[in-house]
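J.: I'd like to ask some things about the structure below.
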Amino acid sequence: MEITFNGKPRRLPKSISIQELLDQLQLDCRQVVVEHNRSIVSHQRLAETPLNHGDTLEVIHFVGGG
Amino acid sequence: MDELIIAGRSFTSRLMVGTGKFASNAAMVAAMEGSGSEIVTVALRRVDIDNPQDSLLRQIDPTRYLLLPNTSGARNAEEAIRLARLARAAGCEPWVKLEVTPDPYYLLPDPIETLKAAEVLVREGFIVLPYINADPVLAKHLQEAGTATVMPLGAPIGTNKGLRTRDNIAIIIEQAIVPVVVDAGLGAPSHAAEAMEMGADAVLVNTALAVARNPGAMAVAFRKGVEAGREAYLAGLGKQQDKAEASSPLTGFLREK
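Residue numbers (the numbering used here), protein chains in the order written: chain A, 1 to 66; chain B, 1 to 257.
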């Protein structure tokens, strides 16, 4: 299946949770905020939210800015 | 210095700093420390999984600094609101520096979209600090909408040109019922001092620190500029006039009959 991850297509071998994807990518969930199909997913719900074919995921973090 | 109060919260420092454009995290931290700031701005962007970076948040002690997320990159109200909600979901306090800049060349803020976003965010419980052009009428509308400050620009972002909007900022200050924070374009400590002498409540500086040869030392210079300007404002500046008026007595010795 394929999702759109931060604007780019990304293949996933099977349906996994958002938390599992973050773990695979070695992203610390406490340092990021996640939007799944334009809805914000709280940190507590990352593990229970599955990714499906065609989903859009945005993983955002803080960077320097004025 | 006397306290700065924004939305009921008091601050000792009247200098806010941005965290963008620094050559290194060490330079950014040096600038934050030198500035004496208690409020630092940050931006939100996509994680780049091909180029993993150390988290910015690891560099900023949340007990010392209030993190003020901005909505930079937003081109309309909807995008700004989305960014503000993401920042809050990331665990920030509900403070947001609202900026909507559709024009990529001058990065001038869109007044209509900024007002629209401010109205929504205030309703959602955000403490909204809107970045605006130095437009006194817009500043009034935003204050009526319930923003915690107004942040008029001195000059376009990153230009280091100083207070090019001085006369309009003076009107905003005269009419303000919330703190006025001069943001953007301040390139030298004298610019910051000038804004504070006029009665601005605070200033926000980023580029001038980030591009300095020594950001930490420049931040100290800005802190002194802000303090000097505030103290001069409180002490009461003399009026300007056209004719000279001698400081020394003109009578009492030479040419006296």
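C-beta: ideal position from N, C-alpha, C; glycine also.
Measuring CB to CB, does MET32 of chain B end up less than 8 Å from VAL17 of chain B?
T.: yes
J.: Counting only runs of 4+ residues fully inside the segment 36 to 111 of chain B, write out the alpha helix (DSSP H) ranges in chain order.
T.: Within the segment 36 to 111 of chain B, the complete alpha helix (DSSP H) runs of at least 4 residues are 77 to 89.
J.: Taking the alpha-carbon of LEU121 of chain B as reference, which of B:TYR105, B:PRO102, B:PRO94 has the nearest alpha-carbon?
T.: B:PRO94
J.: Say whether chain A places a C-beta atom closer than 8 Å to the C-beta of SER72 of chain B.
T.: yes
J.: Which residue wins for smallest C-alpha separation from ASP55 of chain A, given the options A:GLU20, A:ASN37, A:ARG30, A:LYS8?
T.: A:ASN37
J.: Would you identify the three-state DSSP class for SER190 of chain B, choosing helix, strand or coil?
T.: helix
J.: Quick check on this structure: which residue in B:VAL178, B:VAL180, B:ASP167, B:THR159 has the alpha carbon closest to the alpha carbon of ALA188 of chain B?
T.: B:THR159
J.: Just the Cα atoms here: how many angstroms apart are THR147 of chain B and ALA176 of chain B?
T.: If I take the Cα positions, the gap works out to 11 Å.
J.: Is ARG60 of chain A close to chain B, meaning its C-beta is less than 8 Å from at least one C-beta of that chain?
T.: Checking the sequence shown, residue 60 of chain A turns out to be Ile, not Arg. Cβ-Cβ to chain B under 8 Å: yes for ILE60 of chain A.
J.: Can THR12 of chain B and VAL42 of chain B be called in contact, C-beta distance under 8 Å?
T.: no
J.: Run down chain A in chain order and give the residues with a C-beta less than 8 Å from the C-beta of GLY18 of chain B.
T.: Going along chain A in sequence order, the residues near GLY18 of chain B (Cβ under 8 Å) are GLY64, GLY65, GLY66.
J.: Helix, strand or coil: which one does DSSP assign to ARG53 of chain A?
T.: Here residue 53 of chain A is His; the residue named in the question, Arg, does not match the sequence. HIS53 of chain A falls in the coil class under three-state DSSP.
J.: Between the segment 77 to 85 of chain B and the segment 54 to 64 of chain B, are three or more C-beta pairs nearer than 8 Å?
T.: no
J.: Give a yes or no on whether 8 Å exceeds the smallest Cβ distance from LYS243 of chain B to chain A.
T.: no
J.: How about LYS214 of chain B and LYS21 of chain B: do their beta carbons lie closer than 8 Å?
T.: This sequence places Asn at residue 214 of chain B; Lys is not what is there. Contact: no.
J.: Short of 8 Å in beta carbon distance, which residues of its chain neighbour ILE132 of chain B, apart from the five on each side in sequence? Order them along the chain.
T.: PRO109, PRO111, THR114, LEU138, ALA139, LEU142, VAL150, MET151, PRO152, LEU153
J.: Nearest CA to the CA of ALA192 of chain B: which residue from B:SER10, B:ARG123, B:ARG14, B:ALA7?
T.: The shortest Cα separation from ALA192 of chain B among B:SER10, B:ARG123, B:ARG14, B:ALA7 belongs to B:ARG14.
J.: Please report the Cβ distance between VAL75 of chain A and VAL34 of chain A, rounded to the nearest whole angstrom; I am assuming they are in contact, meaning their Cβ atoms lie under 8 Å.
T.: The question about residue 75 of chain A has no answer here: the residues shown for chain A are numbered 1 through 66.
J.: Mark ASP28 of chain A as exposed unless 16 or more other C-beta atoms lie within 10 angstroms of its C-beta, in which case mark it buried.
T.: exposed
J.: Roughly how many whole angstroms lie between the Cα atoms of LEU66 of chain B and ILE18 of chain A?
T.: 30 Å
J.: In the DSSP assignment, find the unbroken alpha helix (DSSP H) run with LYS224 of chain B in it and report its ends.
T.: 215 to 235
J.: Cβ closer than 7 Å: which chain B residues qualify as neighbours of ILE40 of chain A?
T.: Within 7 Å of the CB of ILE40 of chain A, the CB atoms of chain B belong to ARG85, LEU86, ALA89, in sequence order along the chain.
J.: If the cut is a Cβ gap below 8 Å, which residues of chain B does ASN37 of chain A touch?
T.: Correct list: empty, because the minimum Cβ distance to chain B is about 13 Å.
J.: With distance defined between alpha-carbon atoms, name the residue in B:GLU194, B:GLY199, B:GLY225, B:LEU68 nearest to CYS92 of chain B.
T.: B:LEU68
J.: From B:GLY162, B:ALA134, B:GLU78, pick the residue whose C-alpha is nearest to that of ILE172 of chain B; which is it?
T.: B:ALA134
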